[in-house]
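For reference, the structure discussed in these notes is given below.
Numbering (the numbering used here), first residue to last: 232 to 681.
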């Protein structure tokens, strides 16, 4: 490999591998990889893949390492980690097709800033703004605006990928629609690095909405909050984002950022944004919403621009605050939107049954729940037993309601047991057949997902 990357600051082998690659917040048993390579161009990625083929080395793709399912973590030992954090070029913006072309290591926040500079909008908005676009594509990241604008998959026009045999191909195109064979782009989005390595991406962007306004609805508890979510969606408000969270979770952000959330009454909140090009229409929706729900909430707080920025910053930092101030496990189960309230109620019942403190926050508008399990004072041994018992119950309920184990974080290793237990074996076998057809030597991120 020294012949492929000759710069010692971009290639680490054996004992020279930095410690940042040897641990993870969520996966405790991280194995030592054979090497870590940080390519700066496609040709280096291709040569590393060819080297891996020749020497039967497993390859794991890594971006900003913000993943929470363990997809980017070595679990066998002796792998080659390809860290794409040096491939950060914003290649060009095509105003005619509204297409932004970037390398996989570009951060989400830099993509959003770049297109906004042109007067456009890249809607996917996961909480980790310093995640890479390659990682977003690998997990089909969703985020807070998915209720109106969809997920990462909806904005990937084309990807250039290096296949496990070292071949390079482009999946997708700049065409608005197609019916020309299998949709291979969609197959690779969400595949968690098991099928190919992304070296270039063409993203769809859209015109920036001229106006955006937010409000807060305060409730006695999270169950009351969920009861209104479906009603808001059914009544034509068309929220850009519809977030629900408990007071306990936002308090972690308040401590971390030394900021105060604009409502301090009750124990649960909905943070709602509506955007568009007609300010009067947005104002009318807010007036209608106030009139419709004023008797069902403790408080409605309409936010000005500065308050809106603070409120969303606090929401964005819930995960970071939990990481800084506690020990926890975060889930990202998803259920049909009409089952969202039922799922929230069930998680709270598990708190009593298993003696584990359970918080919830998440994307109420699309049925995606982030259930937080707090370790608190349990020993590692006690936690392992209680955690497993609770997760067994929780995922059984998720699937009973027609839901899935992951909405936007991926399966990785953290949810693999439950995915395999509760997914139709025919479907799992079909995934294995596809994986074997593309990667017969099983060199790309094996033992993840299934």
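Think of the CB as a built atom: it goes at the ideal place given N, C-alpha and C, for glycine as much as any other residue.
Practice problem: Answer with buried or exposed for residue 546, where buried requires no fewer than 16 other C-beta atoms within 10 angstroms of its C-beta. | Solution: buried
Quiz item: Straight-line CA distance for residue 301 to residue 644?
Solution: 5 Å
Practice problem: Alpha carbon to alpha carbon, how far is residue 287 from residue 672? Give it in angstroms, no decimals. | Solution: 8 Å
Quiz item: Buried or exposed: where does residue 657 fall if 16 or more other Cβ atoms within 10 Å of its Cβ makes it buried?
Solution: exposed
Quiz item: At which residues does the beta strand (DSSP E) containing residue 442 begin and terminate?
Solution: 442 to 450
Quiz item: Taking the alpha-carbon positions, what's the residue 267 to residue 563 distance?
Solution: 29 Å
Quiz item: Any idea if residue 365 is buried or exposed, counting beta-carbon neighbours within 10 angstroms, 16 or more meaning buried?
Solution: buried
Quiz item: Just reading off the alpha helix (DSSP H) that residue 416 is part of, what are its end residues?
Solution: 415 to 419
Exercise. Verify the contact flag: residue 581, CB atom, against every heavy atom of the ligand GTP, threshold strictly below 7 Å.
Key: In the structure shown, the ligand GTP is absent, as is every other ligand, since no ligand is present at all.
Quiz item: With C-beta atoms as the reference, is residue 636 less than 8 Å away from residue 629?
Solution: yes
Exercise. Work out the CA separation of residue 398 and residue 435 for me, nearest whole Å.
Key: 25 Å
Exercise. Throw me the rounded Cβ distance for the residue 596 and residue 464 pair, which I believe falls under 8 Å.
Key: 6 Å
Practice problem: Report the residue ranges of all beta strand (DSSP E) runs contained in full by the region 378 to 413; include only those spanning at least 3 residues, in chain order. | Solution: 387 to 393, 399 to 403
Practice problem: On the DSSP bridge assignment, give the partners of residue 438 in chain order. | Solution: 351
Quiz item: How close, in whole Å, do the beta carbons of residue 530 and residue 496 come, if the pair is a contact with beta carbons under 8 Å?
Solution: 5 Å
Quiz item: Which residues in the same chain have their Cβ closer than 7 Å to the Cβ of residue 554, if we skip the five residues on either side of it in sequence?
Solution: 256
Exercise. Identify which residue in 330, 373, 280 has its Cα closest to the Cα of residue 298.
Key: 373
Quiz item: Do you know offhand how far residue 614's Cα is from residue 347's?
Solution: 45 Å
Exercise. Note down, one range per segment and in chain order, each beta strand (DSSP E) of at least 3 residues found wholly within the region 528 to 595.
Key: 530 to 534, 559 to 561, 588 to 594
Quiz item: Counting pairs of Cβ atoms below 8 Å between the region 588 to 603 and the region 567 to 577, do you hit three or more?
Solution: yes
Quiz item: Looking only at DSSP bridge pairs, what is residue 605 linked to?
Solution: 559, 588
Practice problem: Express the C-alpha separation of residue 552 and residue 487 in angstroms, rounding to a whole number. | Solution: 6 Å
Quiz item: How would you write the range of the alpha helix (DSSP H) that residue 626 sits in, first residue to last?
Solution: 611 to 631
Practice problem: Helix, strand or coil for residue 673, going by three-state DSSP, please let me know. | Solution: coil
Quiz item: So, residue 351 versus residue 329, is the Cβ gap smaller than 8 Å?
Solution: yes
Practice problem: Name the two residues that bound the continuous alpha helix (DSSP H) containing residue 649. | Solution: 647 to 653
Practice problem: For residue 625, collect the residues of the same chain with a Cβ closer than 8 Å to its Cβ; drop the 5 residues on either side in sequence, then sort them by chain order. | Solution: 562, 564, 577, 578, 581, 602
Quiz item: Is residue 486 helix, strand or coil by DSSP?
Solution: helix
Exercise. Take residue 356 and list the residues in its own chain whose beta-carbon comes closer than 7 Å to its own, dropping the five residues that flank it on each side.
Key: 374, 375, 376
Quiz item: In terms of residue numbering, what span does the beta strand (DSSP E) encompassing residue 367 cover?
Solution: From DSSP, residue 367 is part of no beta strand (DSSP E) but of the alpha helix (DSSP H) over 364 to 370.
Practice problem: Please name the residue or residues paired with residue 500 in a DSSP beta bridge. | Solution: 449, 476
Practice problem: Go ahead and label residue 293 buried or exposed: buried means 16 or more other beta carbons lie within 10 angstroms of its beta carbon, across all protein chains shown. | Solution: buried
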